[in-house]
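Beneath this line is the structure, given in structure tokens, with notes to follow.
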């Protein structure tokens with residue numbers, strides 16, 4: 001099933017720079033693993049913002065929550081999830 | 101270039117039923133033509149709402165505006181456009 | 201899977217009274233059939249409002265959308281869907 | 301009587317890690333005791349967020365406030381309470 | 401138990417004048433009966449608005465909903481209910 | 501004259517614990533003095549929130565502002581004031 | 601006492617033109633009478649909007665509500681009232 | 701002086717088609733006259749919406765209000781005006 | 801020309817007390833100088849809030865911005881500016 | 901293509917003064933380079949706020965994102981991007 005997810009990242013300005021760099025590096029690896037596994041189907045940058053729009057393809061709400069709450073940047077994110085259904089005018 | 105578009109449809113309840121049915125039929129044909137042309141890349145229903153999330157792939161803002169303002173349901177829609185950039189963690 | 205759904209009903213004051221009464225009667229039958237089928241697990245009135253909070257237990261986003269968009273009052277509702285995951289502190 | 305409660309947790313990033321871990325552990329025990337006592341009837345995670353939707357069954361507003369303000373995470377939560385009435389279409 | 405209720409009245413401008421006058425007259429009688437019965441404890445006009453702030457003292461959410469949904473102006477109102485608990489600094 | 505006041509308290513989590521405890525103690529004494537003086541007519545807790553709804557009966561806007569800005573917790577509060585007029589349906 | 605009032609006028613487009621013209625003419629006379637009486641101290645147009653910002657100087661909330669609810673355009677207005685106190689840095 | 705203006709057009713769906721067409725034609729002529737006169741310096745379409753962002757260069761708030769309230773579509777517009785000052789980093 | 805300005809002051813609780821006191825003292829002197837100069841025409845306290853509503857009478861947007869950005873409390877303020885035009889019903 | 905961008909700057913009050921001054925100086929140079937290159941076509945101060953409205957003229961969403969995310973003040977900004985299309989009433 002498909003889920004539309006918007007993530008807004010707000011890292012506190014006084015976070016330790018080493019922690020920050022490490023967290024961002026782990027976030028990238030984590031995101032790429034999930035893309036390769038076919039779970040994280042789309043990942044786009046919202047132009048001008050430290051934010052993304054994504055589409056996930058997973059088995060259940062629980063699987064999605066496990067993925068999202070495991071994001072290294074999760075403690076610094078606002079996340080908004082919207083379940084997507086098939087549109088009657090969509091082809092293929 | 102990619103654009104994220106959300107459309108919320110609000111057809112007035114006192115619209116003539118014939119006009120309504122005709123408009124919806126033309127909307128469907130219009131949407132499918134653009135999907136076949138590769139312009140309307142994704143079209144998903146927001147679960148539980150008369151609304152969709154779409155991704156368009158067009159040459160310019162002007163082309164996108166021409167497409168959206170030509171939608172048969174455009175007079176009854178709230179439309180929100182977000183330009184999408186490449187995400188540094190996206191693969192492929 | 202569980203979905204939290206809030207529905208706010210806004211019937212236009214100039215809707216034909218016969219249409220209104222018939223729609224509300226069909227809504228009630230529809231809601232009770234789904235409760236008996238185990239799909240519509242909880243249905244509560246929000247105190248003081250023509251609105252409800254519900255919990256649905258269905259197989260997929262598509263099934264939920266089919267149910268919600270088939271509600272006789274759907275054209276007069278604002279609907280908001282939130283997917284629910286298991287809480288780590290929940291027992292049983 | 302039933303109350304719908306949404307809780308959004310926002311723990312400050314610079315909270316002492318020991319205090320954080322202890323608070324979360326006490327929160328879990330507290331929530332499970334109240335579930336066993338039949339006061340905290342439902343507890344669901346909002347998918348993708350550090351938040352929950354709950355339903356409480358208590359005797360009075362005062363009892364609910366005592367429960368909620370006693371949550372170990374209460375100082376770091378936004379809480380929203382909605383009283384629930386019986387819905388005329390609800391069965392059983 | 402006490403409930404804080406805000407009611408905003410929005411009567412459609414094209415409502416039949418006779419219906420309007422009759423509804424407002426019935427609303428007044430209804431409100432005064434409930435005040436005399438001790439259910440509607442406070443009723444204040446919000447200065448400059450067609451709106452009121454009220455405090456109700458009733459046995460349950462169900463009783464409050466029955467009262468509010470029975471208001472002759474209910475179809476033209478936005479209603480917001482907040483349950484009130486005892487304040488630790490309140491005297492008497 | 502009557503004023504409806506809502507106060508939301510947001511004490512910073514890193515405030516010195518001694519300052520916090522002292523401020524809350526002084527707040528309570530201050531609130532009770534004003535209640536005894538008949539100025540602070542009602543004080544209710546909003547269920548589930550560190551917030552209250554109050555009704556003040558004072559001579560003027562200036563007197564109300566002096567009272568509110570003198571609250572020991574004032575620096576940590578969001579305050580919203582609404583002037584209340586007599587309602588035509590209110591009895592006595 | 602002084603009150604800051606913002607009024608946004610939203611006349612329905614299908615209001616009878618004669619009623620509209622008459623209402624606007626009566627509104628103007630009403631506003632000018634109150635200005636001459638010293639009650640309506642300031643009246644400014646918000647640039648680009650069918651709206652005004654005003655300052656009233658009246659004896660009580662009740663007097664203000666009587667004035668505002670008597671405005672010929674009152675049924676078509678959103679009104680927001682803010683009580684103004686003396687500022688400690690204001691001279692004279 | 702420069703003013704940033706956003707205009708959102710919301711023409712009622714039941715407006716007489718002849719009135720609609722005539723109003724839109726007059727709007728276009730009016731807008732082009734002001735552009736030629738150097739008063740309406742920029743006029744851009746917001747992509748996907750029946751709305752524009754404009755910059756006006758006029759002598760005073762009064763002149764701007766006269767221009768905007770004279771727009772043939774003014775009765776069907778939401779207008780938001782923001783005064784623009786010189787930016788210290790702007791060149792020439 | 802006249803401008804309506806609302807200022808909401810939010811001084812961080814951990815600002816150095818000496819800096820705070822000095823800033824507030826300078827703010828007062830600055831505000832009184834501008835009132836004496838006829839630039840800051842009205843200054844009212846919003847009852848119950850650390851906020852004011854003001855009216856300025858200056859030559860241009862640039863002059864207003866210079867004044868506002870020079871306020872000693874400017875770094876801790878939310879400021880909202882609305883240009884005011886002459887109202888057709890205003891006398892004198 | 902043209903993009904309308906609003907930037908609101910919120911520098912934390914406890915940022916090191918040397919870092920602050922250096923960041924602001926680099927921001928100015930960066931903004932002026934882009935203006936000279938014809939990419940940053942307009943830059944206006946929003947009167948009374950630490951914010952600007954800008955218009956960029958770039959080749960793609962990616963180019964705009966690269967520019968904006970490279971702003972020295974980007975970590976302290978809220979940025980909102982709106983793609984601008986040609987308006988049918990615009991001349992030249």
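Protein chains in written order, with my numbering: chain A, 1 to 92; chain B, 101 to 192; chain C, 201 to 292; chain D, 301 to 392; chain E, 401 to 492; chain F, 501 to 592; chain G, 601 to 692; chain H, 701 to 792; chain I, 801 to 892; chain J, 901 to 992.
All C-beta atoms, glycine included, are put in the ideal place defined by N, C-alpha and C.
Under 9 Å by beta carbon: chain B residues contacting residue i
i	result
residue 742 (chain H)	The contacting residues do not exist; residue 742 (chain H) stays about 15 Å from chain B at best.
Neighbour flag for residue i against chain A, beta carbons, 8 Å
i	result
residue 284 (chain C)	yes
residue 281 (chain C)	yes
residue 934 (chain J)	no
Within chain I, partners of residue i - CB distance below 7 Å
i	result
residue 687 (chain G)	843, 844, 845, 852
Neighbour list for residue i in chain C, Cβ cutoff strictly below 9 Å
i	result
residue 413 (chain E)	Within 9 Å Cβ-Cβ: nothing; residue 413 (chain E) doesn't reach chain C, min ~11 Å.
Within 8 Å, strictly: CB atoms of residue i and residue j
i	j	result
residue 67 (chain A)	residue 53 (chain A)	no
residue 741 (chain H)	residue 991 (chain J)	no
residue 483 (chain E)	residue 361 (chain D)	yes
residue 285 (chain C)	residue 345 (chain D)	yes
residue 173 (chain B)	residue 127 (chain B)	yes
residue 587 (chain F)	residue 443 (chain E)	yes
residue 120 (chain B)	residue 151 (chain B)	no
Strand pairing of residue i, partner residues [DSSP]
i	result
residue 887 (chain J)	Residue 887 (chain J) lies beyond the range of chain J shown here (901 to 992); nothing can be said about it.
residue 151 (chain B)	B:108
residue 943 (chain J)	J:954
Chain J within 8 Å of residue i, Cβ atoms only
i	result
residue 864 (chain I)	yes
8 Å Cβ cutoff, residue i in contact with chain D
i	result
residue 518 (chain F)	no
Amino acids of chain H, ordered along the chain, whose beta-carbon sits closer than 7 Å to that of residue i
i	result
residue 804 (chain I)	What residue 804 (chain I) touches in chain H: nothing, since even the nearest Cβ is about 11 Å away.
Within chain J, partners of residue i - CB distance below 8 Å
i	result
residue 739 (chain H)	By Cβ distance, chain J contributes nothing, its closest Cβ being about 13 Å from residue 739 (chain H), past 8 Å.
Whole-angstrom C-beta distance between residue j and residue i, which should lie under 8 Å
i	j	result
residue 804 (chain I)	residue 855 (chain I)	6 Å
residue 477 (chain E)	residue 408 (chain E)	6 Å
residue 189 (chain B)	residue 31 (chain A)	4 Å
residue 723 (chain H)	residue 181 (chain B)	Not a contact, Cβ separation roughly 26 Å.
Interface partners of residue i on chain E, CB under 9 Å
i	result
residue 301 (chain D)	401, 460, 461, 462
Residues that residue i contacts on chain J, provided the C-beta gap is smaller than 9 Å
i	result
residue 70 (chain A)	Simply none; closest approach about 25 Å.
Below-8 Å beta-carbon distance, residue i vs any chain F residue
i	result
residue 849 (chain I)	yes
Neighbouring residues, chain C, relative to residue i (Cβ below 7 Å)
i	result
residue 331 (chain D)	289
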